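Engineer:
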Amino acid sequence: MNEYMEIADRLRDARLAAGFRSAAEAAASFGWTGSTYAAHENGTRGCKPADIKKYADAFQADPCFITFGTNTKNPVISGLSDGGLKEVITFVLSHEGAAAANPRDIADLVIDICDYVRQSGDGGLQNVVDFAFHRRAARSG
157 MNEYMEIADR LRDARLAAGF RSAAEAAASF GWTGSTYAAH ENGTRGCKPA
207 DIKKYADAFQ ADPCFITFGT NTKNPVISGL SDGGLKEVIT FVLSHEGAAA
257 ANPRDIADLV IDICDYVRQS GDGGLQNVVD FAFHRRAARS G
């Protein structure tokens, strides 16, 4: 196995956790040379420390995790990874009910959904958010 493969695997995992479906999509989004990034991610070319830092910053990942497989950051908030938490918050804020909701209710909803996701995965998030916003609207209206 190539000596860079473990770094490459963790780099790919960081990209996926950041929401980029492909190496090409990530490279285009950040203005990187696609072939260079793809070579780093598929393990055919080693990454310099500056490259790892650049990728970690872009994907909001821990550079120590990409390099060594060890996290130095607090990996969870409300029981989810940073990427999972961002996904929940983005999902909630994009919902039609978010515009009229009290910020404290939105924060409570994010915590409730994080608990739900941690316990049962992300299936059915739309139904949970719909129900919660309708319930909160009924209480305040």
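Position 7 of the sequence shown, counting from 1, maps to 163 under the working numbering, and the rest follow consecutively.
Here a beta-carbon is modelled for each residue, glycine too, at the ideal position from N, C-alpha and C.
All figures in this text were calculated on a predicted structure; none of them were measured in a lab.
Looking at the secondary structure, which residues open and close the alpha helix (DSSP H) in which residue 213 lies?
Structural biologist: Looking at the DSSP string, the run of the alpha helix (DSSP H) that includes residue 213 is 205–215.
Engineer: Helix, strand or coil for residue 221? Go by DSSP, reduced to three states.
Structural biologist: In this structure, residue 221 counts as helix in the three-state DSSP scheme.
Engineer: Below 6 Å CB to CB, which residues in the same chain sit around residue 214 once its five sequence neighbours on both sides are set aside?
Structural biologist: Once the five neighbours on either side are set aside, the close Cβ partners of residue 214 are 186.
Engineer: With DSSP as the reference, label residue 192 as helix, strand or coil.
Structural biologist: Helix.
Engineer: Considering only the alpha carbon of each residue, which of 241, 170 and 190 lies closest to residue 272?
Structural biologist: Looking at the Cα atoms, 241 is the closest of the given residues.
Engineer: Which stretch, first to last residue, makes up the alpha helix (DSSP H) that contains residue 185?
Structural biologist: Segment 179–186, the alpha helix (DSSP H) holding residue 185.
Engineer: Closer than 7 Å, CB to CB, is residue 166 near chain C or not?
Structural biologist: Absence of chain C from the displayed structure is noted, only one protein chain being present.
Engineer: For residue 176, which of helix, strand or coil comes out of DSSP?
Structural biologist: DSSP places residue 176 in coil when its eight states are reduced to three.
Engineer: Roughly how many whole angstroms lie between the Cα atoms of residue 270 and residue 248?
Structural biologist: If I take the Cα positions, the gap works out to 11 Å.
Engineer: Suppose you measure from the CA of residue 169 to the CA of residue 263; what does that come to, to the nearest Å?
Structural biologist: Roughly 28 Å separates the two Cα atoms.
Engineer: Measure the beta-carbon distance from residue 209 to residue 219 and round it to whole angstroms, keeping in mind my assumption that it falls under 8 Å.
Structural biologist: Contact holds; Cβ gap of about 5 Å.
Engineer: Taking the straight line between their C-alpha atoms, what separation do you get for residue 295 and residue 172?
Structural biologist: Whole-angstrom Cα-Cα distance: 38 Å.
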